[in-house]
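**Q**
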Amino acid sequence: MHRWSQLFIPTLREAPADAEVASHKFLVRAGYIRQLAAGIYSHLFLGQRTLLRITEVVREEMSRIGQEFLLPALHPREIWEASGRWSLMGDNMFRLKDRGGRDLCLGMTHEEIMTEIARKELRSYKQLPQIWYQIQTKFRDEPRPKSGLIRVRQFIMKDAYSFDIDAAGLDASYQKHYDVYCRIFDRCGLKYAVVEAHSGAMGGSQSQEFMVMTAAGEDVVASCPNCGYAANLEKATSKLASAHDLPGEGAPEEVHTPGMKTIEEVAKFLGVSPTQKIKTLAMMQTEDDPKNPGKKKSRAVIVLLRGDHSLNEAKLSTVLGGKEFRPMQADEIEQVFHSPAGYLGPVKVPATSSSQQGSETQKLLLESLPLLLADTALQGRKNLITGANKENYHLKNVTPGRDFHPTEWVDLRNASAGEGCPQCGSPLVVGKAMEIGHIFKLGYKYTKSMGASVLDKDGKEVTPIMGSYGIGVERILAAAIEQNNDQDGFWLPRSIAPFDVVVTPTNVKEASLLGAGEEIAQKLEAAGFAVLLDDRDERPGVKFKDADLVGIPYRINVGKKVTEGKVEVVTRSTRKSQDANIPAIENEFREILRS
RNA sequence: CGGGGAGUGGCUCAGCCUGGUAGAGCACCUGGUUCGGGACCAGGGGGUCGGAGGUUCAAAUCCUCUCUCCCCGACCA
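Numbering (the numbering used here) for the first sequence: 89 to 683.
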């Protein structure tokens with residue numbers, strides 16, 4: 089039993105000025121956390137207690153499928169060079185030098201370290217499959233830490249890695265994680281969605297994110313209330329209602345559009361809909377030039393979208409093979425289009441064509457031409473309007489496939505609310521979400537680059553296939569608070585709350601009340617509950633307010649009714665109060681929990 | 001990095017425009033009265049006004065530089 093009077097639970101009457109989201113305000117007010125620097129927090133007594141309960145749930149569930157390790161957080165440069173991520177991770181990686189001048193970094197994730205172990209130790213297919221996990225601190229130098237514990241630079245992650253002999257094995261390991269993640273988040277009392285996700289810097293084929301829908305989140309998810317389709321907007325697709333083409337048969341024709349630069353201006357001026365326009369985005373793809381170390385080589389990328397659509401940068405990044413890209417600068421636009429921005433279009437712009445195949449020299453020539461990527465929403469359209477590559481002029485009657493030839497037709501646009509679900513056609517819903525877990529089928533990216541292999545049944549060397557799986561521990565806490573709060577504070581599910589119940593004698597100067605409180609606390613403790621006895625010499629109002637604030641799901645008021653042998657059990661989430669008899673308090677409390 | 005805002009006792013903020021003894025509420029300490037929804041009275045402690053430089057007889061206040069934090073846009077658990 090813990091006595092509040094002896095503990096350090098620094099509750100605040102007012103929210104700190106720099107907190108915006110509910111979980112941040114309440115975590116600070118309830119004395120769970122204190123900030124040390126941007127995106128760096130200290131966990132105080134109550135905060136650490138709930139984190140321990142969360143990791144307990146995670147550990148129990150993970151131990152069903154895997155083995156717990158603990159890897160170092162401090163890594164030598166060489167191991168990150170081996171996978172190619174020393175440079176790929178860029179400024180997001182914390183880097184430092186040891187006294188000998190050797191480069192080190194703080195671990196952002198542990199694919200490399202786990203693969204290193206696998207590479208050195210795994211020899212035979214008989215040792216597979218393996219699932220190794222750890223619960224450990226990760227360091228990421230986020231460009232913009234924010235929202236309390238939601239986006240930080242140091243956080244606890246449960247990360248797991250699977251090694252299998254073949255794709256079918258990976259599928260099984262992946263499914264095991266999927267199931268265990270559902271169990272974990274269910275036990276933590278969260279309402280969540282599993283969505284199709286973009287793989288980003290991790291690489292790999294399939295990945296899914298576990299998302300808690302909340303305005304405090306930073307991801308955007310498209311979902312279908314009808315069939316259950318759900319995807320991160322980075323990946324989401326949709327069915328479009330067919331768009332009307334303008335009538336006409338002729339060839340492209342210039343129209344004077346003085347000073348009209350935006351899609352809206354031009355559409356309004358010409359009396360057409362933005363859906364009848366082509367949006368032309370001029371980008372530059374950049375990558376390190378292997379021939380000139382330290383220098384970048386770049387290539388123009390022209391992206392065509394329907395006028396009312398927006399570019400999905402994650403999709404473009406995937407199409408470009410993960411290479412970086414940026415908008416073109418004015419001089420680059422002039423070079424490629426011979427026109428100022430605002431009047432750009434694909435007609436008569438030399439670009440790599442899909443059909444062109446040929447010798448090495450031809451290939452080199454093609455590589456110097458821009459890539460022309462057209463969104464599939466433009467496929468089959470005709471008589472569209474686009475820039476004429478001439479100041480103050482646009483072109484009408486532009487038909488893809490006749491007047492220009494894209495290098496590739498690809499899905500590059502953002503899906504948006506109200507468009508049709510790609511599976512069933514019902515209108516999609518779009519909302520903000522917080523990522524609490526992510527599972528990846530990595531494939532051979534790390535095992536291959538780092539040279540891990542085992543012998544198969546036939547004595548042949550094969551590369552194991554890998555998966556990786558993460559859970560943000562503090563985010564589970566933040567998500568639980570975002571889902572369960574009101575004006576006065578929050579309540580956590582019992583599974584992760586710092587205490588199951590707070591016992592509150594209304595006046596500790598009255599020996600009978602304090603005595604009854606002690607008795608109740610002891611009985612409940614003996615019955616297996618985590619109990620906090622609020623034995624502070626404070627007025628009842630102060631104690632009630634604090635109890636409402638700090639996230640404990642139940643409170644037992646020990647007050648006047650003690651003379652009748654009764655106390656009140658208050659459920660924080662509903663504020664419902666019911667009387668219980670002191671002599672049978674364990675059973676009656678248990679009964680209330682059940683209902 | 002680009003754009004916006006803020007740094008004044010532990011917390012929330014006023015004072016700054018128009019330089020002249022550093023303030024309030026809450027919190028804290030002592031004594032007393034109170035005791036079912038953040039009590040009251042009396043007394044008390046606590047502040048390099050983010051930092052550096054400058055202007056001035058005089059700077060929290062004006063000027064310059066700088067650091068930190070928060071919010072909005074490109075990454076991720």
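Ideal placement from N, C-alpha and C gives every residue a C-beta, glycine not left out.
Please identify the residue among Val650, Val646, Leu565 whose C-alpha is closest to the C-alpha of Phe114.
**A** For Phe114, the nearest C-alpha among the options comes from Leu565.
**Q** How is Thr368 classed by DSSP in three states: helix, strand or coil?
**A** In the structure shown, Thr368 sits in a strand (DSSP, three-state: E or B).
**Q** Does the Cβ of Glu76 have 16 or more other Cβ atoms within 10 Å, making it buried, or fewer, making it exposed?
**A** Given that the chain is displayed from residue 89 to residue 683, the structure contains no residue 76 and the question cannot be resolved.
**Q** With contact counted as at least three CB pairs below 8 angstroms, one residue from each stretch, are the region 170-185 and the region 215-230 in contact?
**A** Yes, the region 170-185 touches the region 215-230.
**Q** Within 8 angstroms, do at least three Cβ pairs link the region 386-405 to the region 367-374?
**A** Counting Cβ pairs under 8 angstroms, three or more are found: they touch.
**Q** CA-CA distance, Leu404 and Leu500?
**A** Using only the alpha carbons, I get a separation of about 6 angstroms.
**Q** Could you check where the alpha helix (DSSP H) with Met202 kicks off and where it finishes?
**A** Counting along the chain, the alpha helix (DSSP H) containing Met202 begins and ends at 199-209.
**Q** Mind checking which residues open and close the alpha helix (DSSP H) that includes Gly605?
**A** 599-614 is the extent of the alpha helix (DSSP H) around Gly605.
**Q** Just to confirm, does Lys533 get its C-beta within under 8 angstroms of one of the non-hydrogen atoms of the ligand SAM?
**A** In the structure shown, the ligand SAM is absent, as is every other ligand, since no ligand is present at all.
**Q** Over the uninterrupted beta strand (DSSP E) stretch that includes Leu472, give me the two end residues.
**A** Its beta strand (DSSP E) spans residues 472-478.
**Q** Val283 and Glu306 - do their beta-carbons sit closer together than 9 angstroms?
**A** Against a cut-off of 9 angstroms, the Cβ pair of Val283 and Glu306 comes out as no contact.
**Q** Where does the unbroken alpha helix (DSSP H) through Gly135 begin, and where does it stop?
**A** That run of the alpha helix (DSSP H) goes 133-150.
**Q** If you follow the alpha helix (DSSP H) that Arg165 is in, where does it begin and where does it stop?
**A** Where Arg165 is concerned, the enclosing alpha helix (DSSP H) stretches over 165-171.
**Q** Comparing C-alpha positions only, which one of Ile640, Glu652, Ala248 sits nearest to Val658?
**A** Nearest option by C-alpha distance: Ile640.
**Q** Buried or exposed: which applies to Glu507, given that a residue is buried once 16 or more other Cβ atoms fall within 10 Å of its Cβ?
**A** Buried, since its Cβ has 16 or more Cβ neighbours within 10 Å.
**Q** State the CB to CB distance for the pair His344 and Asn480, rounded to an integer number of angstroms; the pair is presumed to be in contact (CB under 8 angstroms).
**A** Indeed they touch by this definition, with Cβ atoms about 6 angstroms apart.
**Q** Please go through the region 461-548 and give each complete beta strand (DSSP E) segment of 3 or more residues, from N-terminal end onward.
**A** Fully enclosed beta strand (DSSP E) runs of 3 or longer: 472-478, 481-486, 496-498, 517-531.
**Q** Would you mind working out which of Gly316, Ile142, Phe413, Thr406 sits nearest Ala388, comparing C-alpha positions?
**A** Among Gly316, Ile142, Phe413, Thr406, the Cα nearest to that of Ala388 belongs to Phe413.
**Q** Under 6 angstroms Cβ to Cβ from Leu210, same chain only, skipping five residues before and after it: list those, please.
**A** Around Leu210: Val542.
**Q** Would you kindly work out how many angstroms separate the C-alpha atoms of Glu429 and Cys312, rounded to a whole number?
**A** For the record, residue 429 in the displayed sequence is Ala; it is not Glu. When rounded, the distance between both Cα atoms is 38 angstroms.
**Q** Mapping DSSP to helix, strand and coil, what is Tyr431?
**A** The answer is coil: DSSP assigns Tyr431 none of H, G, I, E or B.
**Q** Please report how far the alpha carbon of Lys323 lies from the alpha carbon of Trp497, in whole angstroms.
**A** Going by the C-alpha atoms only, they are around 16 angstroms apart.
**Q** Beta-carbon separation of Gly531 and Ser293 under 9 angstroms?
**A** Against a cut-off of 9 angstroms, the Cβ pair of Ser293 and Gly531 comes out as a contact.
**Q** With C-beta atoms as the reference, is Ser665 less than 9 angstroms away from Gly277?
**A** No; because the gap between Cβ atoms is not below 9 angstroms, this pair is not in contact.
**Q** Does the distance from the CB of Met554 to the CB of Asp252 come in under 9 angstroms?
**A** Yes, they are a contact pair.
**Q** Measuring CA to CA, which of Leu358, Gly489, Asn573 is closest to Asp342?
**A** Correcting the residue identity first, residue 342 is Glu in this sequence and not Asp. Nearest option by C-alpha distance: Leu358.
**Q** Just tell me which of Ala355, Asp634, Ala256, Arg187 has its CA closest to the CA of Pro98.
**A** That would be Asp634, whose Cα lies nearest to the Cα of Pro98.
**Q** Using 8 angstroms as the Cβ pair cut-off and three pairs as the minimum, do the region 584-593 and the region 615-624 touch?
**A** Yes, since at least three Cβ pairs between the region 584-593 and the region 615-624 fall closer than 8 angstroms, the two stretches touch.
**Q** Please classify Leu124: is it buried, with 16 or more other beta-carbons within 10 angstroms of its beta-carbon, or exposed?
**A** Exposed: under 16 other Cβ atoms inside 10 Å.
**Q** Please say whether Pro458 and Val424 have beta carbons closer to each other than 9 angstroms?
**A** Their beta carbons are under 9 angstroms apart, which means Val424 touches Pro458 by this criterion.
**Q** Whole angstroms is fine: what's the gap from Asp333's alpha carbon to Val550's?
**A** When rounded, the distance between both Cα atoms is 54 angstroms.
**Q** Assuming Asn314 and Cys509 make a contact with CB atoms under 8 angstroms, what is their CB distance in whole Å?
**A** So it is a contact: roughly 7 angstroms between Cβ atoms.
**Q** If you compare alpha carbons, which of Arg490, Val630, Ser600 is closest to Gly653?
**A** Here the closest residue by C-alpha is Ser600.
**Q** Closest by CA to Leu216, which one among Asp186, Gly316, Pro515, Ser250?
**A** When each option's Cα is compared against that of Leu216, the closest is Ser250.
**Q** Out of Thr350, Asn675, Pro160, Leu393, state which residue places its alpha-carbon closest to the alpha-carbon of Tyr431.
**A** The candidate whose alpha carbon is nearest that of Tyr431 is Thr350.
**Q** In angstroms with no decimal places, state the Cα-to-Cα distance between Met522 and Val650.
**A** Those two C-alpha atoms are separated by around 45 angstroms.
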